[in-house]
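*Asks:*
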Amino acid sequence: MFVHFPQMHPELLPDACRAVLPGEVRFLDPGLGATSSVLHVRAEAAPFDPRTARALLADTLRFGESQASPRDLLAQSLVEQAGALSPESSRAVQDEVEKSLLGADAVQPGPDAGELARRQAQMLLLLAWNLEERLLDLRGVEGKLKSAWDRLDQSVAAGVEVVDDEADHEAMALGRELSGLTLPDASDMAMPWRKLLEAFVVLMPGAALCCTDADIAAAMAEAGAPEAALDLAPGATRVFQAQTWRLMGLDRQPEGKTWLDAPLTVGFFAPAKA
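Residues in the sequence shown are numbered consecutively from 0, following numbering that gives the first Met the number 0.
Below, the structure is given as structure tokens:
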């Protein structure tokens, strides 16, 4: 079984990318997805059950609302939480969140490095999942905007007689209301793929990953990551296989992060050119 990386929602991938993925590929669910989804696999090492995961995410976002502007909240929360896999950066905040939701004794003092890494990895992926859902919402808004403008264009082109139609009045009113609306650019919310890669490895140890992002493949190649036989990921155009820290472009294994020394296989699949 292959686990897709880094997106966790298949709807985010263009149809051409989904078409070249292996049939057995699954998308990672960090604890928020529907249990009935045949396209997802639950993160096997995730420490928080779905109820707790939802509560922790909600409380973390509420905390973020008091620290960031609403426009930048989701992207900023993810970027800040990405640092959680670095020692000490947001441990105190997360411990307080867990204590408030799980009880005073839920977070024991001085958890071992592996347990701490699993908690922080799941929190990062919960935030990434939430951001992906907001990006899907944004696509829906963009679709409604396009539909409204199309209807307005048709009304104007058809002439005064058709503009009197109730539906066209509605389109014109919606067009005027949205004429000054500027939507955030989804490309500005780029995921920190190296931190996400670490989180995937922590929560899905031993899993092989597949990816359609050419920029990530280029970054691994530029960092000198060893390439492997293509038959390790049938249909792939490139396969990298090495310790995780090498695939992340690091010079050495970070002290105390033994999970980054585990070997990892990542297959890259390129959609056919039109």
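A virtual CB, placed ideally from N, CA and C, is assigned to each residue, including glycine.
I'd like the ranges of any alpha helix (DSSP H) spanning at least 4 consecutive residues and lying wholly in the segment 194-243.
*Replies:* You should have 213-221.
*Asks:* Which residues in the same chain as residue 121 place their Cβ atom closer than 8 angstroms to its Cβ, once the five residues preceding and following it in sequence are excluded?
*Replies:* Along the sequence shown, read from residue 1 onward, the residue named residue 121 stands at position 122. Around residue 121: 29, 30, 42, 45, 46, 47, 52, 198 and 202.
*Asks:* From the DSSP output, in three-state form, read off residue 28 for me.
*Replies:* As a working note, residue 28 is residue 29 in the sequence shown. Residue 28 falls in the strand class under three-state DSSP.
*Asks:* Would DSSP call residue 251 helix, strand or coil?
*Replies:* If you number the sequence shown from 1, residue 251 lands on position 252. Residue 251: coil per DSSP, three-state reduction.
*Asks:* Out of curiosity, what's the CA-to-CA distance linking residue 232 and residue 138?
*Replies:* Within the sequence shown, residue 232 is the residue found at index 233, counting from 1. Within the sequence shown, residue 138 is the residue found at index 139, counting from 1. Spanning the two alpha carbons is a distance of roughly 31 angstroms.
*Asks:* For residue 116, which residues from the same chain have a beta carbon less than 6 angstroms from its beta carbon, with the 5 sequence-adjacent residues on both sides left out?
*Replies:* Position 117 of the sequence shown, counted from the first residue, corresponds to residue 116. Excluding sequence neighbours, residue 116 sits near 201.
*Asks:* Considering only their Cβ atoms, is the gap separating residue 257 from residue 207 smaller than 7 angstroms?
*Replies:* As a working note, residue 207 is residue 208 in the sequence shown. As a working note, residue 257 is residue 258 in the sequence shown. In this structure, residue 257 does not lie closer than 7 angstroms to residue 207 by Cβ.
*Asks:* Can you pull the DSSP bridge partners for residue 40?
*Replies:* Counting from one through the sequence shown, the residue named residue 40 turns up at place 41. 27.
*Asks:* Residue 23 to residue 1, Cα distance in whole Å?
*Replies:* Counting from one through the sequence shown, the residue named residue 23 turns up at place 24. Counting from one through the sequence shown, the residue named residue 1 turns up at place 2. For residue 23 and residue 1, the distance between alpha carbons rounds to 6 angstroms.
*Asks:* Quick one: what's got a C-beta closer than 8 angstroms to residue 38's C-beta in the same chain, skipping five residues either side?
*Replies:* On the sequence shown, residue 38 is found 39 positions in, with the first residue counted as 1. 9, 25 and 26.
*Asks:* Residue 274: buried (16+ other C-beta within 10 angstroms of its C-beta) or exposed?
*Replies:* Only positions 0 to 273 of the chain appear in the structure, and residue 274 is not among them; the question remains open.
*Asks:* Do you know how far the Cα of residue 192 is from the Cα of residue 15?
*Replies:* Sequence index remark: in the sequence shown, residue 15 carries index 16 (1-based). Sequence index remark: in the sequence shown, residue 192 carries index 193 (1-based). Spanning the two alpha carbons is a distance of roughly 21 angstroms.
*Asks:* So, with DSSP's three-state summary, where would you put residue 51?
*Replies:* As a first step, residue 51 is located in the sequence shown; it is residue number 52 there, counting from the start. Residue 51 falls in the helix class under three-state DSSP.
*Asks:* For residue 32, which of 125, 20, 247 and 60 has the nearest alpha-carbon?
*Replies:* As a working note, residue 32 is residue 33 in the sequence shown. Among 125, 20, 247 and 60, the Cα nearest to that of residue 32 is on 125.
*Asks:* Which residues in the same chain as residue 226 place their Cβ atom closer than 7 angstroms to its Cβ, once the five residues preceding and following it in sequence are excluded?
*Replies:* Working through the sequence shown from its first residue, we reach residue 226 at position 227. Here the set comprises 237, 238 and 239.
*Asks:* Roughly how many angstroms separate the alpha carbons of residue 17 and residue 270, rounded to a whole number?
*Replies:* Residue numbering aside, residue 17 sits at position 18 when the sequence shown is read from its first letter. Residue numbering aside, residue 270 sits at position 271 when the sequence shown is read from its first letter. About 8 angstroms.
*Asks:* Let me confirm a value: residue 5 is counted as buried when at least 16 other C-beta atoms fall within 10 Å, else exposed. Which label applies?
*Replies:* Taking the first residue of the sequence shown as 1, we reach residue 5 at position 6. It counts as buried.
*Asks:* On the three-state DSSP scale, how would you describe residue 101?
*Replies:* Indexing the sequence shown from 1 puts residue 101 at position 102. Only weak support is given to the placement of residue 101: the predicted model assigns it a pLDDT of 48, under 50, and the value that follows is read from those uncertain coordinates. Reduced to three states, the DSSP call for residue 101 is helix.
*Asks:* On the three-state DSSP scale, how would you describe residue 113?
*Replies:* Within the sequence shown, residue 113 is the residue found at index 114, counting from 1. Helix.
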